[in-house]
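To keep things clear, I will list the structure first and then write my remarks on it.
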Amino acid sequence: MSATLERGLAALRAGMDTPMATFFASCVHCGLCAEACLFYTETGDPKYTPIHKLEPLRRLWKQEFTLLGKLMVNIGLDQPVSDAELAEWEPLVYDSCTLCGRCSLACPAGNDITAMIRKMREGMALSGHAPEDLVHATQRAVTLGSPMGVKLSTLKAKIRAQERESGLTIPLDQPGVDYMVLFSGMEIVQFSEILGAMARIFKHAGVSWTLSSEAFEATNSGIQLGVSDLAKEILLRTVNAAEKLGVKGVVSPECGHAYTALRWEGPNLIGRRYHFEVVHILELLARLQKEKRLRLRQRDPEERPLSFHDPCQLARRGGVLEEPRELLGKIATDFREMSDNRERNWCCGGGGGVSAIERSEPLRAKAFQRKLHQIEELGVHTLVTACSNCRIILEEGLETYQIRVDVAGLTELVADHLEEDQPQTGAGAAGGES
Amino acid sequence: MNDPGYELLLWVRGPGWILALAVFSFGMAMRLFEIFALGRREDLAPPRPAERQGSPMRTVWNRFFPVPGLFERAPATHVSGYLFHIGFFAVLFFAEFHIQLFRHLLGFGWPALSAPLADALGVVAIVALLAALVSRMRDPVKRFLSTAGDYLAWALTFLPLLTGWMAYHHVLVSYTRMVALHLLAAELLLALLPFTKLIHAVTIFVARWYTGEQFGRKGVQA
Ligand code: SF4
Ligand code: SF4
């Protein structure tokens, strides 16, 4: 057995716990998880059945963690998991799973299939069976600080440009403020208006904030790749920077995976709780809105209908469900919910690192049809979302199928609908001047 | 006295029953040990405030019903699944003969379904199980996933239903012999349950709870 295979299998063994054994024992092969997965519904190929993506892991569990399975191997009725088998599963574990969590919501046995796939990636990556694109993205994240290779100098240039445009300062490395704000590399490169938008919102609501030159990238590709050691290294940069600056909270930006990585996986990666709170930007905005520190105006009634695409990691896997509705409720004049929304949304097809895997593009385009149907059904002209990765995938997909729907980020939409004239009364207004 | 059916009946009512029960108990204890000995790590991420959390107990209950849209995508799986389970458990726990057996074993009983109704429910379960088999062999996903274990589990469930119905209607062989075969089939089912996917009868509740808890702490009712 090769050393890499042994490392991979060891990682799989390390991930074995009571829930996973319960899940494997409970599967009745009813096939319903397939019906919940966009990679099956849009291709009709049974190999994309979620539980099947775990077959090598199930075999390992059976052979090493059940008496009957051990017996079977001993008398030669079952073969141990091999390198070739893992290689064969690579496209199933990575290219065709966005870790969207929909299968986990549908399985009648109650299996959290997504959590198992996340764990399976640990073994796949260490045994050398992860897509190169993801490996390189993670290497860039570790060495350069960002999977897209966004450097501090790039960020600084964008900050200057946005400061000029907004006429506001965008603070860097300011200790003792309320929030340290992170961005995804995608936002910095593709949607840098978000920097100015944040500056306007925080000025309006009287929130003190800063960026950190040591940790500005929010995403953690180590998690999507499935190497916890690297994920931890990437995460610690943020944790250390935030604790050094002494901020009350860290704001996770419009990126679904960044949020689950920081909010839900992070403390488990580093083995302790943080000394700060993690909030998603939408949670913060909804909170400010409730406190009346954020005053929003309605869109022009003439403006065309819009809908909201729930990023999987934010909604189903993150628990940020009502906040976008609370915000859109103040802004939109004609808001239309999708047929499956909130925790039941359908993935755009680009999560879980899939968007970084170039070879998966044709499959992704196919899987996107699920979202396309949902959008077309609504007859909207604008689709709002809160994840820059979703945003790119949605734009690409709509373009591929030549559908004319604009895609917008909710934070920017909020920034564009701030009430201009500040009321003269109330503590909120005073705060707004700071 | 020389009726081989009678001798078989004596065996299945005595040693056979004890053996089945012993294998079941040992198997169940072993399987549950295999699962629970693994343990799990504490989740260090602070959960949502209590009032925003989803309830794991509700997940345990919710998963008896499909998420919206799922039924339409797989009607055969749902209909055969529901009808089989309803028919099977109704007959198992509410047919007159079985209640007599439970009264004998437990010392108390409960009201039975009327004989024609129990009979009808048994037929429903049989037909549903046959439909489930056809669906398993024809549906692309289920055929793809199925292993020998799935067909074994199917047969283990089907035989007690079939022999029970045949005994009740005095089909084919003598009543005594059929009852003996029925008991044998039931004992096989009991003994092998822990070692097949039929163990889901117990483990799904644990699985649902874990998943419900994972979703719930994040503020999602799964
Ligand atoms: S839905 Fe659940 S029980 Fe059914 S095949 Fe998938 S994992 Fe197994
Ligand atoms: S997590 Fe989503 S993409 Fe992955 S297998 Fe489940 S339903 Fe499919």
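Chain order of the listed sequences is A and B.
Residue numbers are given in the numbering used here: position 393 of the first sequence equals residue 393, and the series is strictly consecutive.
Residue numbers are given in the numbering used here: position 44 of the second sequence equals residue 44, and the series is strictly consecutive.
Even for Gly, the Cβ is constructed at its ideal location relative to N, Cα and C.
According to DSSP, residue i sits in a beta bridge with which residue or residues?
i                            : result
serine 146 of chain A        : Partner(s): none; serine 146 of chain A has no beta bridge.
glutamate 277 of chain A     : A:Gly249
valine 384 of chain A        : A:Phe308, A:Ala408
threonine 210 of chain A     : A:Met180
phenylalanine 335 of chain A : A:Leu306
glutamate 217 of chain A     : A:Phe183
leucine 296 of chain A       : A:Leu418
leucine 172 of chain A       : A:Leu211
Where do the N-terminal and C-terminal ends of the alpha helix (DSSP H) with residue i fall, by residue?
i                           : result
tyrosine 259 of chain A     : 256-259
serine 388 of chain A       : 388-400
glutamate 55 of chain A     : 55-65
glutamate 419 of chain A    : No alpha helix (DSSP H) contains glutamate 419 of chain A, which DSSP labels as neither H nor E.
glycine 352 of chain A      : Unbroken run through glycine 352 of chain A: none, as it is neither H nor E.
threonine 114 of chain A    : 113-126
threonine 22 of chain A     : 18-26
arginine 164 of chain A     : 152-166
valine 202 of chain B       : 200-217
glutamine 100 of chain B    : 96-106
isoleucine 245 of chain B   : Lying before the first or after the last residue shown, residue 245 of chain B is absent from chain B, which here runs from 1 to 222.
tryptophan 61 of chain B    : 56-62
tryptophan 165 of chain B   : 148-168
leucine 10 of chain B       : 4-13
phenylalanine 65 of chain B : Careful: phenylalanine 65 of chain B lies outside any alpha helix (DSSP H) and carries neither H nor E.
arginine 364 of chain A     : 361-367
Please classify residue i: is it buried, with 16 or more other beta-carbons within 10 angstroms of its beta-carbon, or exposed?
i                            : result
glutamate 35 of chain A      : buried
arginine 143 of chain B      : exposed
tyrosine 151 of chain B      : exposed
alanine 427 of chain A       : Here the model assigns alanine 427 of chain A a pLDDT of 42, short of 50, so the residue's position is not dependable, and the following value carries that caveat. Exposed is the call here.
aspartate 139 of chain B     : buried
tryptophan 89 of chain A     : buried
glutamine 79 of chain A      : exposed
asparagine 240 of chain A    : exposed
glycine 167 of chain A       : exposed
isoleucine 159 of chain A    : buried
threonine 77 of chain B      : buried
alanine 37 of chain B        : exposed
serine 146 of chain A        : buried
phenylalanine 195 of chain B : buried
glycine 379 of chain A       : exposed
methionine 1 of chain A      : exposed
isoleucine 194 of chain A    : buried
glutamate 433 of chain A     : The pLDDT assigned to glutamate 433 of chain A is 37, lower than 50, so where the model puts this residue is not dependable; a value taken from the coordinates is nonetheless given after this. Its Cβ having fewer than 16 others within 10 Å, glutamate 433 of chain A is exposed.
valine 12 of chain B         : buried
histidine 204 of chain A     : buried
proline 4 of chain B         : exposed
glutamine 402 of chain A     : exposed
glycine 8 of chain A         : buried
methionine 120 of chain A    : buried
glycine 353 of chain A       : buried
Terminal residues of the continuous beta strand (DSSP E) containing residue i?
i                         : result
glycine 409 of chain A    : 406-409
methionine 180 of chain A : 179-181
glycine 249 of chain A    : 249-252
Can you tell me the Cβ-Cβ gap for residue i and residue j, rounded? I've got them flagged as a contact below 8 Å.
i                        : j                         : result
alanine 90 of chain B    : leucine 121 of chain B    : 4 Å
glycine 319 of chain A   : glutamate 277 of chain A  : Contact flag wrong, Cβ pair sits at about 15 Å.
valine 457 of chain A    : leucine 394 of chain A    : Outside the displayed range of chain A (1 to 434) lies residue 457 of chain A, so it cannot be described from this structure.
glycine 69 of chain B    : aspartate 17 of chain A   : Actually they do not touch by this definition, with Cβ atoms about 31 Å apart.
valine 251 of chain A    : tyrosine 179 of chain A   : 5 Å
leucine 159 of chain B   : leucine 192 of chain B    : About 11 Å; that fails the 8 Å criterion.
threonine 385 of chain A : arginine 391 of chain A   : 6 Å
glutamate 323 of chain A : leucine 282 of chain A    : 4 Å
valine 405 of chain A    : isoleucine 375 of chain A : 6 Å
For residue i and chain D, any beta-carbon pair shorter than 9 Å?
i                       : result
arginine 316 of chain A : The chain inventory of the structure shown lacks chain D, comprising the protein chains A and B.
* Are the stretch 170-182 of chain B and the stretch 199-219 of chain B touching, with three or more C-beta to C-beta distances below 8 Å? -> Touching, no, given that fewer than three Cβ pairs across the two stretches are closer than 8 Å.
How about the stretch 218-228 of chain A and the stretch 102-116 of chain A: do they share at least three Cβ pairs that are nearer than 8 Å?
Three or more beta-carbon pairs separated by less than 8 Å are not found between the stretch 218-228 of chain A and the stretch 102-116 of chain A, which leaves the two stretches without contact.
query: Looking at C-beta atoms only, is the number of pairs between the stretch 206-220 of chain B and the stretch 34-53 of chain B that lie closer than 8 Å three or more?
result: Cβ pair count under 8 Å is three or more, so yes.
Self-check item: Cβ contact check for the stretch 337-347 of chain A and the stretch 296-304 of chain A: 3 or more pairs under 8 Å
Solution: Short answer: they don't touch.
### Message
Does the stretch 97-109 of chain A come into contact with the stretch 52-72 of chain B, if we say contact requires no fewer than three beta-carbon pairs (one atom in each stretch) closer than 8 Å?
### Response
With a cut-off of 8 Å on Cβ pairs, the stretch 97-109 of chain A is in contact with the stretch 52-72 of chain B, counting three or more such pairs.
Does the count of Cβ pairs from the stretch 324-336 of chain A and the stretch 17-26 of chain A closer than 8 Å reach three?
-> Not touching, per the Cβ criterion.
Quiz prompt | Three or more C-beta pairs below 8 Å linking the stretch 57-64 of chain A and the stretch 309-318 of chain A | solution = No, the stretch 57-64 of chain A does not touch the stretch 309-318 of chain A.
Three or more C-beta pairs below 8 Å linking the stretch 122-141 of chain A and the stretch 206-213 of chain A:
No contact exists between the stretch 122-141 of chain A and the stretch 206-213 of chain A.
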